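Asks:
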Amino acid sequence: MSQLFPHLFDPITLGSTTIRNRIVSSGHDTVLDDHGHIGDDLVAYHEARAKGGAGLIVLQVSGVHETARYTSHVLMATDESSVPGYQNVAEAVHRHGATIFAQLFHPGREVMDGERGMAPRAKAPSDEPQERFKVVPETLSTAEIKDIIAGYGEAAKRIADSGIDGVEIVASHGYLPIQFFNLAVNTRTDDYGGSPENRRRFLTEVAHTVRQSVGPDVVVGVRISGEDKTEDGLVATEILDLVDHLDSLTADGVDCLDYFSITAGDSSTLQGAVHIVPSMQIDPGYAANLSEQVKKITDKTVMVAGRINQPHEAETAIAEGRTDMAIMTRAMICDPEIANKSESDKVDEIRACIGCNQACIGHFQQGVPISCIQYPESGQELTFLPRPTLRTRRKVLVIGGGPAGLKTAAVAAEQGDDVVLCEKEPHLGGAVLLAQELPYRSEFGGAATNLTAEAARAGVDIRTCVPATRTSSPRWPPIMSSSPPVPNSACPHSRLLTTHSSSGLATICGSPRTCRQAACSSQTGRATGSDSASPCAWSRPGDT
Ligand SMILES: Cc1cc2nc3c(=O)[nH]c(=O)nc-3n(C[C@H](O)[C@H](O)[C@H](O)COP(=O)(O)O)c2cc1C
Ligand code: SF4
Numbered sequence: 001m002s003q004l005f006p007h008l009f010d011p012i013t014l015g016s017t018t019i020r021n022r023i024v025s026s027g028h029d030t031v032l033d034d035h036g037h038i039g040d041d042l043v044a045y046h047e048a049r050a051k052g053g054a055g056l057i058v059l060q061v062s063g064v065h066e067t068a069r070y071t072s073h074v075l076m077a078t079d080e081s082s083v084p085g086y087q088n089v090a091e092a093v094h095r096h097g098a099t100i101f102a103q104l105f106h107p108g109r110e111v112m113d114g115e116r117g118m119a120p121r122a123k124a125p126s127d128e129p130q131e132r133f134k135v136v137p138e139t140l141s142t143a144e145i146k147d148i149i150a151g152y153g154e155a156a157k158r159i160a161d162s163g164i165d166g167v168e169i170v171a172s173h174g175y176l177p178i179q180f181f182n183l184a185v186n187t188r189t190d191d192y193g194g195s196p197e198n199r200r201r202f203l204t205e206v207a208h209t210v211r212q213s214v215g216p217d218v219v220v221g222v223r224i225s226g227e228d229k230t231e232d233g234l235v236a237t238e239i240l241d242l243v244d245h246l247d248s249l250t251a252d253g254v255d256c257l258d259y260f261s262i263t264a265g266d267s268s269t270l271q272g273a274v275h276i277v278p279s280m281q282i283d284p285g286y287a288a289n290l291s292e293q294v295k296k297i298t299d300k301t302v303m304v305a306g307r308i309n310q311p312h313e314a315e316t317a318i319a320e321g322r323t324d325m326a327i328m329t330r331a332m333i334c335d336p337e338i339a340n341k342s343e344s345d346k347v348d349e350i351r352a353c354i355g356c357n358q359a360c361i362g363h364f365q366q367g368v369p370i371s372c373i374q375y376p377e378s379g380q381e382l383t384f385l386p387r388p389t390l391r392t393r394r395k396v397l398v399i400g401g402g403p404a405g406l407k408t409a410a411v412a413a414e415q416g417d418d419v420v421l422c423e424k425e426p427h428l429g430g431a432v433l434l435a436q437e438l439p440y441r442s443e444f445g446g447a448a449t450n451l452t453a454e455a456a457r458a459g460v461d462i463r464t465c466v467p468a469t470r471t472s473s474p475r476w477p478p479i480m481s482s483s484p485p486v487p488n489s490a491c492p493h494s495r496l497l498t499t500h501s502s503s504g505l506a507t508i509c510g511s512p513r514t515c516r517q518a519a520c521s522s523q524t525g526r527a528t529g530s531d532s533a534s535p536c537a538w539s540r541p542g543d544t
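Residue numbers (UniProt numbering): 1 to 544.
#1: Expressed to the nearest angstrom, what Euclidean distance is found between the alpha-carbon atoms of A412 and V420?
#2: For D348, name the three-state secondary structure that DSSP assigns.
#3: With 16 as the cutoff for other CB atoms within 10 Å, does M76 come out buried or exposed?
#4: DSSP three-state label for H363, please.
#5: H35: beta carbon under 7 Å from a heavy atom of ligand 1?
#6: Tell me whether S248 is buried or exposed, calling it buried when 16 or more other Cβ atoms sit within 10 Å of its Cβ.
#7: Per the contact definition of three or more C-beta pairs closer than 8 Å, is the stretch 75-95 in contact with the stretch 111-119?
#8: CB-CB under 8 Å to Q3, same chain, minus the five flanking residues each way: which ones, in chain order?
#9: According to DSSP, which residues form a beta bridge with R223?
#10: Any contact between the stretch 48-65 and the stretch 97-115? By contact I mean 3 or more CB pairs, one from each, below 8 Å.
#11: In the structure shown, what three-state DSSP assignment does D41 receive?
#12: T269 to Q380, Cα distance in whole Å?
#13: According to the Cβ coordinates, are S342 and L8 closer than 8 Å?
#14: Keeping to the same chain, check which residues put their C-beta closer than 6 Å to that of D217; ignore five residues upstream and five downstream.
#15: Measure the C-alpha to C-alpha separation of R20 and Q293 and round it to an integer number of angstroms.
#16: Measuring alpha carbon to alpha carbon, tell me which of T298, L234, G233, V214 ends up nearest H245.
#17: Below 8 Å between beta carbons: does that hold for L428 and A410?
#18: For ligand 2, enumerate in chain order all residues having a CB closer than 6 Å to any of its heavy atoms.
#19: State the start and end residues of the unbroken alpha helix (DSSP H) segment that holds G153.
#20: How many Å lie between residue 549 and G355 at the Cα?
#21: Considering just the uninterrupted stretch of the alpha helix (DSSP H) at A326, what are its terminal residues?
#22: Am I right that A326 and R49 are in contact with their C-beta atoms under 8 Å? What's the rounded C-beta distance?
#23: What is the residue span of the beta strand (DSSP E) that L14 lies within?
#24: Does the Cβ-Cβ distance between S72 and M332 come in under 8 Å?
#25: Where does the unbroken beta strand (DSSP E) through T301 begin, and where does it stop?
#26: From P467, A236, G405, pick the residue whose C-alpha is nearest to that of E454; which is it?
#27: Return yes when the Cβ of G416 is within less than 8 Å of the Cβ of L390, no when it is not.
#28: What span of residues does the alpha helix (DSSP H) with R394 cover, start to end?
#29: Ignore the nearest five residues each way along the sequence and tell me which others in residue 545's own chain have a CB closer than 7 Å to its CB.
#30: Say yes only if the C-beta of M325 is nearer than 7 Å to one or more non-hydrogen atoms of ligand 1, and no if none qualify.
#31: Leaving out five residues before and five after G163 in sequence, what residues of the same chain have Cβ atoms less than 6 Å from its Cβ?
#32: Using 8 Å as the limit for Cβ to Cβ distance, is I100 near chain B?
#33: Cβ-heavy atom distance between A317 and ligand 1 below 7 Å?
#34: Indicate the three-state DSSP secondary structure (helix, strand or coil) for P6 in the structure shown.
#35: Quick one: does the C-beta of V61 sit closer than 7 Å to a heavy atom of ligand 1?
#36: Give me the Cα-Cα distance between P129 and G265, rounded to the nearest whole angstrom.
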């Protein structure tokens, strides 16, 4: 039993499944698919979080119908070719004692990608245009609605039969089930539109179908935004009425649902979308007031997402009765070991997510695989982990104490190299120190703190106020000198230059200081060197 976090590490039972603790990695689209299926990269990604102590891992969205392809890389659960992927990830996660669910998904009009550069095509309850992705959907016929509902049932059964412990119906973020419920989006006049009962019908039928397909022993939950937080979006009272209705649903004498996963936001507008993955300007755990309302009307398990980045935030929300489980998704993208570190009271070693949204949701928006600016191993587990053990201990000199230098030094030292890092400034952090001075961006400084601690823990000899200069030779490797001289600088086996940060001035701003910071582009990840101990894949161009 954890001394610091007794509520967080108290096991919990959903349906017939007991989960070892209350820490959840909620569904997040990693873009690690293998042609629409779960491949080795995605298995390794989730295995790392399971090994790191997560209680529950919810797999990213899986399309339940051919019309559910919201991006070109979405996982599809529409036929038997998807089965080996679910089996492999279930085995890998179970091997480390964690529980795994999968999301059942239809985007309705929230389709991001069109074919061959064309505008996205989508099917939705009505042809109400979608502002953000510029979609004018086609109205679903009754036959198509029935076909999609059947698709939920078939996908749920396929996934459950593959060894996944539970399924989660995605009715959050303005996707298809909640489009039916929203009068501003659903203008139908048939059985699926108009009265609240009719607008609830789609989700009700989905919940019934899924429960009947998987039987009583598989966990079934629903994900729902406690508030859309956008114009024309649903407000908390409407959602609470819907939850109350869903709570009462049964199929063959069994509750249709075992849990509610509460989040916030709506995909259809930028105003609502910022709440799906709230950035550093939003308070940690701010959606717990929504889950608290849900908990008042249901006895079923409730979990909540939204910047719960540290174990004490999760512990407090659970202890205060505002949620039963804490979703810590980016917390585990950034530090897959956060659960183990919390349970063993090593909280000082946690690499806390700073809510910068650069390499997690930022990469998703660019259609490239997930990573983290503080932990580039994320999403590249098969490439970078486990670290190789060196046969000979090398002398490594890292020049530059920004994020890339600190990470490079830490990786080299963790591998067993003898590492000295020289930074000419008195403070470590490089461009991050500029970024943290922008309004609402102070949390950027956390990256410098985390990476400095990581390098120090790995045993890097960190020297500040020590400039290193090229003294001769236009060719690589340059001869380095430093003042005062430091060990390794004379004849290291490996020199790594990590001083690639660039910045520019934006002409439209008033204050030159603000301009410089706003325009500062943290391309700090280009570790270059003659003999890199391990290539440090850092930020992509555009990550800041
Ligand atoms: C890269 C990325 C992809 C996401 N994709 C999904 C998804 O497939 N399904 C979903 O319900 N939520 C998705 N989300 C939202 C997360 O599940 C979660 O609610 C959000 O990150 C806020 O929780 P956090 O602050 O603990 O990260 C995604 C988030 C990220 C960062
Ligand atoms: S990229 Fe930023 S927001 Fe995303 S997980 Fe890493 S630290 Fe958190």
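Beta carbons are placed, not taken as given, at the ideal position from N, Cα and C, and that holds for glycine.
Keep in mind that this is a model prediction, so the values were computed, not measured.
Replies: Reading from the atomic positions:
#1: Counting from 1 along the sequence shown, the entry for residue 412 is found at position 412. Counting from 1 along the sequence shown, the entry for residue 420 is found at position 420. Approximately 10 Å between the Cα atoms of the pair.
#2: Walking along the sequence shown from the start, residue 348 turns up at place 348. D348 falls in the helix class under three-state DSSP.
#3: One-based indexing of the sequence shown puts residue 76 at position 76. M76 is buried by the Cβ-count criterion.
#4: For the purposes of this step, residue 363 is identified with residue 363 of the sequence shown, where counting begins at 1. Secondary structure of H363 (DSSP, three-state): helix.
#5: On the sequence shown, position 35 is the one that residue 35 refers to. Not one heavy atom of ligand 1 lies closer than 7 Å to the C-beta of H35.
#6: Locating residue 248 in the sequence shown gives position 248, counting from the first residue. It counts as exposed.
#7: no
#8: By one-based count along the sequence shown, residue 3 stands at place 3. So the list reads D345, once near-sequence residues are dropped.
#9: Sequence index remark: in the sequence shown, residue 223 carries index 223 (1-based). Partner(s): V170, S261.
#10: yes
#11: The residue given as residue 41 occupies position 41 in the sequence shown. Looking at D41 - three-state DSSP - the assignment turns out to be helix.
#12: The residue labelled residue 269 in the question sits at position 269 within the sequence shown. The residue labelled residue 380 in the question sits at position 380 within the sequence shown. Whole-angstrom Cα-Cα distance: 31 Å.
#13: Locating residue 342 in the sequence shown gives position 342, counting from the first residue. Locating residue 8 in the sequence shown gives position 8, counting from the first residue. Yes, these two residues count as a Cβ contact at 8 Å.
#14: Numbered from 1 along the sequence shown, position 217 holds the residue referred to as residue 217. Closer than 6 Å at the Cβ level, and outside the excluded window around D217, lie S16.
#15: Numbered from its first residue, the sequence shown carries residue 20 at position 20. Numbered from its first residue, the sequence shown carries residue 293 at position 293. Computed Cα separation, rounded: 25 Å.
#16: As a working note, residue 245 is residue 245 in the sequence shown. Checking every option, the nearest Cα to that of H245 belongs to T298.
#17: The sequence position of residue 428 within the sequence shown is 428, counting from 1. The sequence position of residue 410 within the sequence shown is 410, counting from 1. In this structure, A410 does not lie closer than 8 Å to L428 by Cβ.
#18: R330, I333, C334, C353, I354, G355, C356, N357, Q358, A359, C360, C372, I373, Q374
#19: Sequence index remark: in the sequence shown, residue 153 carries index 153 (1-based). G153 -> alpha helix (DSSP H) spans 142-161.
#20: Any property of residue 549 remains undetermined from this structure, which presents the chain solely from 1 to 544.
#21: Within the sequence shown, the letter at position 326 stands for residue 326. It is not in any alpha helix (DSSP H) - A326 instead sits in the beta strand (DSSP E) that spans 325-327.
#22: Mapped onto the sequence shown, residue 326 falls at position 326. Mapped onto the sequence shown, residue 49 falls at position 49. That pair is no contact at about 14 Å.
#23: Position 14 of the sequence shown holds residue 14. Here the beta strand (DSSP E) through L14 covers 12-14.
#24: Along the sequence shown, read from residue 1 onward, the residue named residue 72 stands at position 72. Along the sequence shown, read from residue 1 onward, the residue named residue 332 stands at position 332. For S72 and M332, no; Cβs fall outside 8 Å.
#25: Here residue 301 refers to the residue found at position 301 when the sequence shown is read from its first residue. That run of the beta strand (DSSP E) goes 301-304.
#26: Reading the sequence shown from its first residue, position 454 is the one you call residue 454. When each option's Cα is compared against that of E454, the closest is G405.
#27: Locating residue 390 in the sequence shown gives position 390, counting from the first residue. Locating residue 416 in the sequence shown gives position 416, counting from the first residue. Taking 8 Å as the Cβ cut-off, L390 and G416 qualify as a contacting pair.
#28: Here residue 394 corresponds to residue number 394 of the sequence shown, with the count starting at 1. Premise fails: R394 is in no alpha helix (DSSP H) and is neither H nor E.
#29: Residue 545 is absent from the model: the chain starts at 1 and stops at 544.
#30: For this step, residue 325 is matched to residue 325 along the sequence shown. No - ligand 1 has no heavy atom lying nearer than 7 Å to the Cβ of M325.
#31: Start at 1 with the first residue of the sequence shown, and residue 163 comes out as number 163. So the list reads Q87, A90, once near-sequence residues are dropped.
#32: Of the protein chains in this structure there is only one, and it is not chain B.
#33: By 1-based counting over the sequence shown, the position of residue 317 is 317. No, the Cβ of A317 stays beyond 7 Å of every heavy atom of ligand 1.
#34: In the sequence shown, counting from the first residue as 1, residue 6 sits at position 6. Coil.
#35: Taking the sequence shown and counting its residues from 1, one reaches residue 61 at position 61. A distance criterion of 7 Å places the beta-carbon of V61 in contact range of ligand 1, judged by its closest non-hydrogen atom.
#36: What you label residue 129 is simply residue 129 of the sequence shown in a count that begins at 1. What you label residue 265 is simply residue 265 of the sequence shown in a count that begins at 1. Going from the Cα of P129 to the Cα of G265 covers about 18 Å.
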